[in-house]
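The listed protein sequences correspond, in order, to chains G and P.
So in the numbering used here, the last spot in the first sequence is 230, and the numbers never skip.
So in the numbering used here, the last spot in the second sequence is 230, and the numbers never skip.
Backbone N, C-alpha and C fix where the C-beta goes; we use that ideal spot for every residue, glycine too.
Quantities reported herein were computed from a predicted structural model and do not represent experimental measurements.
Number of protein chains: 2
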Amino acid sequence: MRVAGILLVEDDPSVRTALELALARQGHSVTSYATGEEALDHIRSRRPEIAILDVMLPGIDGVEVCRRIRKLDQLPVILLTARGDDLDVVVGLEAGADDYVVKPVEPRVLDARIRAVLRRAESAASDRITFGELMIDRGALKVALAGKEIHLTPTELRLLLELVRHPGQVLNRRYLLRAVWDHTHVADSRLVDACVQRVRAKIEPRPAEPVFIHTVRGFGYRFSPP
Amino acid sequence: MRVAGILLVEDDPSVRTALELALARQGHSVTSYATGEEALDHIRSRRPEIAILDVMLPGIDGVEVCRRIRKLDQLPVILLTARGDDLDVVVGLEAGADDYVVKPVEPRVLDARIRAVLRRAESAASDRITFGELMIDRGALKVALAGKEIHLTPTELRLLLELVRHPGQVLNRRYLLRAVWDHTHVADSRLVDACVQRVRAKIEPRPAEPVFIHTVRGFGYRFSPP
DNA sequence: AGGGCGCGTCACAGTTTTATGACACAACCC
DNA sequence: GGGTTGTGTCATAAAACTGTGACGCGCCCT
Numbered sequence: 005m006r007v008a009g010i011l012l013v014e015d016d017p018s019v020r021t022a023l024e025l026a027l028a029r030q031g032h033s034v035t036s037y038a039t040g041e042e043a044l045d046h047i048r049s050r051r052p053e054i055a056i057l058d059v060m061l062p063g064i065d066g067v068e069v070c071r072r073i074r075k076l077d078q079l080p081v082i083l084l085t086a087r088g089d090d091l092d093v094v095v096g097l098e099a100g101a102d103d104y105v106v107k108p109v110e111p112r113v114l115d116a117r118i119r120a121v122l123r124r125a126e127s128a129a130s131d132r133i134t135f136g137e138l139m140i141d142r143g144a145l146k147v148a149l150a151g152k153e154i155h156l157t158p159t160e161l162r163l164l165l166e167l168v169r170h171p172g173q174v175l176n177r178r179y180l181l182r183a184v185w186d187h188t189h190v191a192d193s194r195l196v197d198a199c200v201q202r203v204r205a206k207i208e209p210r211p212a213e214p215v216f217i218h219t220v221r222g223f224g225y226r227f228s229p230p
Numbered sequence: 005m006r007v008a009g010i011l012l013v014e015d016d017p018s019v020r021t022a023l024e025l026a027l028a029r030q031g032h033s034v035t036s037y038a039t040g041e042e043a044l045d046h047i048r049s050r051r052p053e054i055a056i057l058d059v060m061l062p063g064i065d066g067v068e069v070c071r072r073i074r075k076l077d078q079l080p081v082i083l084l085t086a087r088g089d090d091l092d093v094v095v096g097l098e099a100g101a102d103d104y105v106v107k108p109v110e111p112r113v114l115d116a117r118i119r120a121v122l123r124r125a126e127s128a129a130s131d132r133i134t135f136g137e138l139m140i141d142r143g144a145l146k147v148a149l150a151g152k153e154i155h156l157t158p159t160e161l162r163l164l165l166e167l168v169r170h171p172g173q174v175l176n177r178r179y180l181l182r183a184v185w186d187h188t189h190v191a192d193s194r195l196v197d198a199c200v201q202r203v204r205a206k207i208e209p210r211p212a213e214p215v216f217i218h219t220v221r222g223f224g225y226r227f228s229p230p
């Protein structure tokens, strides 16, 4: 059975607990928060596969959380709302939600929706992408250079995927530490550098003059296709 | 739903019509041509968001069309080819294609590829500002003058970004020292001047008569676009 | 015109940042 | 248990960056 890391945001404690329990019973692993702020704070380190957001939240509402998630990520989002607020549906979908579920919801229905959204997201995102000679298959988690498959270790792969997710953008070490490792590390560390070197040694035809992962002195690293 | 203006080049009428229909059904707007010449003739006026090119074409083949498109534009390109011609893949990617799809292709798969390529192109193009000939990409931390990339050191870049953040405003040295450096430096030194000078040497076409960073005697410096 | 002052310029050595390879330890797999 | 692989840390080398201060010029004021 496919299992997903779910980020749940719901302010009503009884609803939250009930959903958490139901989803856990379906085999999902759930992390939940009562407010959008908390969720946004932790989204990078927890790296969920899908977010389920109540629309009515204290502080930042679910639609706004969705909008912000979309700015950072392709993360699929399902919005939860009380029955029959049509306006919400339009706003929610405009904010980039993948699906919309009306409360109260049967756990099995929610589970089906989650799987549908994940399947869709997967088929859209799992296609391999190519940057010149480099092919990355995010579905199969495989990397190939000039048609030859290359073995990357888990950490190396996470690092590469993180860089590739933001092509052309400079990502600093702190960000990478939080995104790829679990921010449980000291701030000053050459860890990122070391891992970048390892990835370069594998994917760069000439590691001393990298064409994919560029060093931006004083700031971080940037993945940009040749 | 996101909709794209697609330029399709395919010589086989039945395949062309089928693809056109399928893509239109996914919500895209499609313009199609049977030959590369026609496509290149019209590419400027139609301004598509993405090109889908069959590799085997009478006259100029798809790879060559791709190469020529790349000379004029950043336009994303997906190549279509018959199954299993590995050589084509390499040549195609060398010509600068963004992705490569083997015929026959499921419309949904092609659609997913299109969206993936567009998403990538979009996120790569964000966060830039231009002042006349000067282009500053804050995401990629790149600066270019008249299309030519210019290397700025970290401090130079931070200084330029700080100035650019307040276009038209005069920023004094004390402010700049605190914003760009770590206010751990002596207030009176030629530090800021020296750095401004270094930036000017790189971005000003005629450093003696600056058009971007102006000196305001007695107060500080002002960035104002020409 | 003369003086005062602010600014531009420059070279370079000390400092900071990154690359690289070695190594130790942990996790994992027979 | 013995070997293999993955990962974080460190030492060192190499490269790049930057502060400094002296000097000269030109602007501005009287």
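Supposed close pair residue i, residue j - CB separation, criterion 8 Å
i, j, result
"E166/P", "A183/P", "5 Å"
"I54/P", "L79/P", "7 Å"
"P230/G", "G136/G", "5 Å"
"V189/P", "L181/P", "According to the sequence shown, residue 189/P is His rather than Val. Contact flag correct, Cβ pair sits at about 6 Å."
"I140/P", "V168/P", "6 Å"
Residue i: first and last residue of the uninterrupted alpha helix (DSSP H) it sits in
i, result
"V218/G", "Contrary to the premise, residue 218/G reads as His rather than Val in this sequence. H218/G -> not in any alpha helix (DSSP H); beta strand (DSSP E) instead, spanning 217 to 220."
"S49/P", "40 to 50"
"E166/G", "158 to 169"
"L180/P", "177 to 184"
"D103/P", "Run containing D103/P: none in the alpha helix (DSSP H); it sits in the beta strand (DSSP E), 103 to 106."
"R202/G", "195 to 207"
"A22/P", "17 to 29"
Short Cβ contact (8 Å threshold) for residue i with residue j
i, j, result
"V69/P", "V13/P", "yes"
"L163/G", "I207/G", "no"
"P52/P", "L11/P", "yes"
"L44/G", "R71/G", "no"
"V67/P", "L84/P", "no"
"I133/G", "A120/P", "yes"
"R50/P", "T35/P", "yes"
"G63/P", "T39/P", "yes"
"D65/G", "D15/G", "no"
"A205/G", "P214/G", "no"
"Q30/G", "P108/G", "no"
Minimum Cβ-Cβ distance from residue i to chain P less than 8 Å
i, result
"A133/G", "A small fix is needed here, since residue 133/G is Ile in this sequence, not Ala. Closer than 8 Å: yes."
"V174/G", "yes"
"R221/G", "yes"
"P171/G", "yes"
"M5/G", "Residue confidence is low: M5/G scores 36 on pLDDT, short of 50, so the model does not pin down where it sits. Its coordinate-derived value is still stated next. It does not: the Cβ of M5/G has no partner Cβ on chain P nearer than 8 Å."
Delimiting residues of the beta strand (DSSP E) encompassing residue i
i, result
"I10/G", "9 to 13"
"R226/G", "224 to 227"
"T35/P", "33 to 37"
"T4/G", "Residue 4/G falls outside the range modelled here, since chain G spans only 5 to 230, and no answer is possible."
"E153/G", "152 to 154"
"M60/P", "Element bounds for M60/P: n/a, residue is neither H nor E."
"A148/G", "146 to 149"
"T188/P", "Counting along the chain, T188/P falls outside any beta strand (DSSP E), and DSSP gives it neither H nor E."
"I64/G", "Looking at the DSSP string, I64/G is not in any beta strand (DSSP E), and its letter there is neither H nor E."
Distance, residue j Cα to residue i Cα
i, j, result
"G222/P", "R177/P", "10 Å"
"L175/G", "Y225/G", "5 Å"
"R74/G", "E41/G", "15 Å"
"T159/P", "L195/P", "11 Å"
"S33/G", "A150/P", "52 Å"
"L122/P", "M60/G", "33 Å"
"V7/G", "I118/G", "In this prediction, V7/G has a pLDDT of 49, which is less than 50 and means its spatial position is unreliable; nothing more can be read from the coordinates."
"F227/P", "P209/P", "15 Å"
"G143/G", "Q201/P", "50 Å"
"A116/P", "H170/G", "18 Å"
"H155/P", "T157/G", "33 Å"
"I217/P", "A198/P", "13 Å"
"D102/G", "S193/P", "56 Å"
"P17/G", "T219/G", "46 Å"
"V203/G", "W185/P", "33 Å"
"A22/G", "L161/G", "36 Å"
"D131/P", "A86/P", "38 Å"
"K146/P", "E153/P", "7 Å"
Below-8 Å beta-carbon distance, residue i vs any chain G residue
i, result
"P158/P", "yes"
"R124/P", "yes"
"G143/P", "yes"
"A120/P", "yes"
"D186/P", "no"
"Y225/P", "no"
"Y4/P", "An answer regarding residue 4/P cannot be provided, because it is not within the stretch 5 to 230 covered by chain P."
heavy atom of the ligand GDP below 7 Å from residue i C-beta
i, result
"H155/P", "Among the components of this structure there are no ligands whatsoever, and the ligand GDP is therefore not found."
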